[in-house]
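**Q** From first to last, the protein sequence lines stand for chains A and B. Residue numbers for the first sequence follow our numbering, so the first one is -2 and each next one is one higher. Residue numbers for the second sequence follow our numbering, so the first one is -2 and each next one is one higher. For glycine and all other residues, C-beta sits at the position ideal for the given N, C-alpha and C. Please read these numbers as outputs of a predicted model, since none were measured by experiment.
Number of protein chains: 2
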Amino acid sequence: MNAPLPRTAEVPIVRPNQTPLGELHLAALVASAAEKSQAQPGIQLLMDLVAADMQKVNELILSKAGSNVELIPIIAKHLIDSGGKRLRPMLTLALADMFGYAGNGHVILAASVEFMHTATLLHDDVVDESDMRRGKLAARKLWGNQASVLVGDYLLGQAFKMMVDVGSLEALRILAEASAIIAEGEVMQLGAAKNIETSEAAYLKVIEAKTAALFAAASEVGPVISGQSPEICAAARRYGMDLGLAFQLVDDALDYGGSSADLGKQVGDDFREGKITLPIVVALERGSDEDRAFWKRCLEQGDIRDGDLDHAIALLRRLGAIDETIRRARHYGASAIAALEALPDTPHRQALRDAVEFCIARVS
Amino acid sequence: MNAPLPRTAEVPIVRPNQTPLGELHLAALVASAAEKSQAQPGIQLLMDLVAADMQKVNELILSKAGSNVELIPIIAKHLIDSGGKRLRPMLTLALADMFGYAGNGHVILAASVEFMHTATLLHDDVVDESDMRRGKLAARKLWGNQASVLVGDYLLGQAFKMMVDVGSLEALRILAEASAIIAEGEVMQLGAAKNIETSEAAYLKVIEAKTAALFAAASEVGPVISGQSPEICAAARRYGMDLGLAFQLVDDALDYGGSSADLGKQVGDDFREGKITLPIVVALERGSDEDRAFWKRCLEQGDIRDGDLDHAIALLRRLGAIDETIRRARHYGASAIAALEALPDTPHRQALRDAVEFCIARVS
């Protein structure tokens, strides 16, 4: 990373015998699991508000994923059709629409953001040697690593071409920066993989770069092309960044506890790939020497035997590592909601607040 | 490809019993092998003209390939140090300097072009499963496919960030377009690999996209940021495109006849990878049924035995396929030189003319 990221790295790990989130009072803004069961938060309001624009985004995506080179639209369509929620482009649309943005630039940037994300997924699957993506066979399993690398490159090129059409150098700068940072985060993760000495600070830098940076950029470009003040743009960016962190932490927790049907991937993918995620960092800090030897064998040496995943999940639960990860997600979710206070009180703001709760409710 | 490419596809194959290049009178502009031996053309003039700017490009490349993520500068430095001629950035510099461009934008764009090229090399090596690159072990052999994919992505992101700094949306459009087209060409090549039915037209589309498009873009952005007319910009683009085609055809010929020391890779890489290049297309058209069975076994089925490469080279020479490929390279070289006529008569123009002859002299 070019800049230090003290804010995220400074959050201390809360011990099981401490009052959870004692110092993280913002978390109260996020519905607790109990409240959630009474009033299920969702992204329906967000989807409704951007529905007309999202239709245009989808049309643009299909048209720009086209190519006379047959394999490109086939692979692009496979990914685009495979049912992602399109959360990132919705952020761009809502955060432009909130300011009454009248042009077509938010639609184009939203499609660019989704292309960047899709390109990342294609390359991630190659890097992680994944077999599944969103409940379907990964593109690399169907068409090979080579095609996944190259179609990812194509989509990235198309994304930048589309951004140029919008004509905002500032939006281009933000998204190009995100593109470099995402790749940097992935390289960092490569270095952290299979290394149980990975610190929480190092882990947070990884997810800030590989996941949250695109949420942040997708959010920031909305007010940027609407000509809003630096303060407003910064608040939108902070919302996206913190939402992205919460989103990734929830994903990390789900990988050891969600149902594979919900997540669209098998439980235990991170475990099998030797990824050091926050649940593992917490478990390593709280566990015994014997536990440490277990993580070392499984994650560093890749020596995974029958029953190890079940043992890992039991261990994470016993040490409160999953709960701790979810508490962190709530913390960042609350911080995202707090950032919204600087934005105008429109239905979009409520929708963006709901989106945070939706992300966290996936695991609560 | 989004647009048809009739110009390159319409060049007919010249039969061995025809007068070589009878209809390609422009080729006379390029020094023949005999003339060359008297007055060795070189890129010294080009290198001298852009030396001061190239120093700035090299400094910028080193600074922008930096990252706190250790693996990134290591891999980037490995590639950047490995002795590429930096032909593409020299084109950008010369074609801005020719018009007295006074800013720093040409230096930044030249560095961006080199980053785009380096990113392509990293991804190519993964796609081709290459072991060597410019006479050194390929990055993927030293640090793995994963790091090569991701560091390529990082350099591409950095390239776009740098382009934004220049502030020319038109230059951004040209380079973003090239980025998408290069990837499209690589996917096309994937489809053409191991398919001996590949036509010359299909082959030319591949190399126009995967190689010539970046030469064209690197050349065009020089006059673009210098505020030149559309005609001048188009001439610079045509120069780059035709030079790129000539360059790739020479590479294809060298793969069956150059010395590995000159090329920085082993002879026969294309053969072993089942790549259908122009020498093969010509040989298939001119050869016997028995020859066809040989190419099919080696290139389509990948069943390569001791002595097959020697047999392939002997066959290509006997059928005049290498000479035919070099004649094509001369044709495009001549066309590149003709395009220069539209540009001002400065030392840069002479240097760009010499650069064409230099590229072709590699094989003559």
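1) Spatial neighbours of B/D351 within its chain, please: C-beta separation below 7 angstroms, excluding the five flanking residues on both sides.
2) Check whether chain B comes within 8 angstroms of A/S64, counting only Cβ atoms and requiring the distance to be less than that.
3) Measuring only the C-alpha atoms, how far is A/Q52 from A/R85?
4) Going residue by residue through the region 161 to 240 of chain A, where are the continuous alpha helix (DSSP H) segments of at least 4 residues, counting only ones entirely within it?
5) Should the region 316 to 336 of chain B be called in touch with the region 233 to 242 of chain B, which here means at least 3 C-beta pairs below 8 angstroms?
6) The alpha helix (DSSP H) with B/A99 in it runs from where to where?
7) Hey, how far is the Cα of A/L246 from the Cα of A/T322?
8) For the alpha helix (DSSP H) holding A/I77, just list the boundary residues, first then last.
9) Just the chain B side, please: which residues come within less than 7 angstroms of A/A180 by C-beta, in chain order?
10) Assuming contact is defined by CB atoms lying nearer than 8 angstroms, are A/E183 and B/L147 in contact in what I supplied?
11) Listing by chain order, which chain A residues have their CB less than 7 angstroms from the CB of B/V161?
12) Applying a beta-carbon distance threshold of less than 8 angstroms, which residues of chain B neighbour A/E183?
13) Let me know the secondary structure DSSP gives B/K158 once reduced to three states.
14) Nearest to B/K74 by alpha carbon, out of B/G304, B/I204, B/W140, B/E297?
15) Looking at A/A177: is its Cβ nearer than 8 angstroms to the Cβ of A/A189?
16) Using the beta-carbon of each residue, which ones in chain A are nearer than 7 angstroms to B/V124?
17) For chain A, find out if any of its Cβ atoms is closer than 8 angstroms to the Cβ of B/F157; answer yes or no.
18) Have a look at A/V360 and B/I171 and give me their C-alpha separation to the nearest angstrom.
19) Mapping DSSP to helix, strand and coil, what is A/K82?
20) For the candidate residues B/A326, B/A280, B/E205, whose alpha-carbon lies nearest to that of B/H308?
21) What does DSSP give as the partner residues of A/L134 in its beta bridges?
22) Mind pulling the chain B residues with CB within less than 8 angstroms of A/A214?
23) Please report the straight-line C-alpha distance between A/M113 and B/R315, rounded to a whole angstrom.
24) Looking at the structure shown, is B/R327 part of a helix, part of a strand, or coil, going by DSSP?
25) I'd like to know whether the C-beta atoms of B/V363 and B/S145 end up nearer to each other than 8 angstroms.
26) Are the beta-carbon atoms belonging to A/I193 and A/I105 less than 8 angstroms from one another?
27) Could you give the DSSP three-state label for B/L306: helix, strand or coil?
28) List, in chain order, every chain B residue whose beta-carbon is nearer than 8 angstroms to that of A/L68.
29) Around the C-beta of B/G97, are 16 or more other C-beta atoms found within 10 angstroms, so that it is buried, or is it exposed?
30) Using 8 angstroms as the limit for Cβ to Cβ distance, is B/H120 near chain A?
31) Within the 8 angstroms Cβ cut-off, does A/A135 reach chain B?
32) Buried or exposed, going by whether 16 or more other CB atoms sit within 10 Å of the CB of B/Q35?
33) With 16 as the cutoff for other CB atoms within 10 Å, does A/G100 come out buried or exposed?
34) Can you pull out the residues from the region 323 to 334 of chain B whose beta carbon lies closer than 9 angstroms to at least one beta carbon of chain A?
35) Enumerate in chain order the residues of its own chain whose CB-to-CB distance from B/V161 is below 8 angstroms, with the five nearest sequence positions on each side excluded.
36) Could you pull out every residue in the same chain whose Cβ sits closer than 6 angstroms to the Cβ of B/L152, ignoring the five residues on either side in sequence?
**A** Checking against the coordinates, here is how it stands:
1) P38, G39, I40, L42, L43
2) yes
3) 15 angstroms
4) 166 to 189, 197 to 204, 210 to 222
5) yes
6) Where B/A99 is concerned, there is no enclosing alpha helix (DSSP H), given that its DSSP letter is neither H nor E.
7) 6 angstroms
8) 68 to 77
9) L147, D150, Y151, G154
10) yes
11) L166, L169, R170, A173
12) L147, D150
13) helix
14) B/W140
15) no
16) Q143, V146, L147
17) yes
18) 45 angstroms
19) coil
20) B/A280
21) A/M129
22) Within chain B, no residue comes near A/A214; the closest Cβ sits about 11 angstroms away, beyond 8 angstroms.
23) 49 angstroms
24) helix
25) Outside the shown range of chain B, which is -2 to 361, sits residue 363 of chain B, and nothing can be said about it.
26) no
27) helix
28) V184, L187, G188
29) exposed
30) yes
31) no
32) With a pLDDT of 40 at B/Q35, under the threshold of 50, the predicted position of this residue should be treated as unreliable, though the coordinate-derived value follows. The residue in question, B/Q35, is exposed, as its Cβ has fewer than 16 Cβ neighbours within 10 Å.
33) exposed
34) none
35) L169
36) F112, T115, A116
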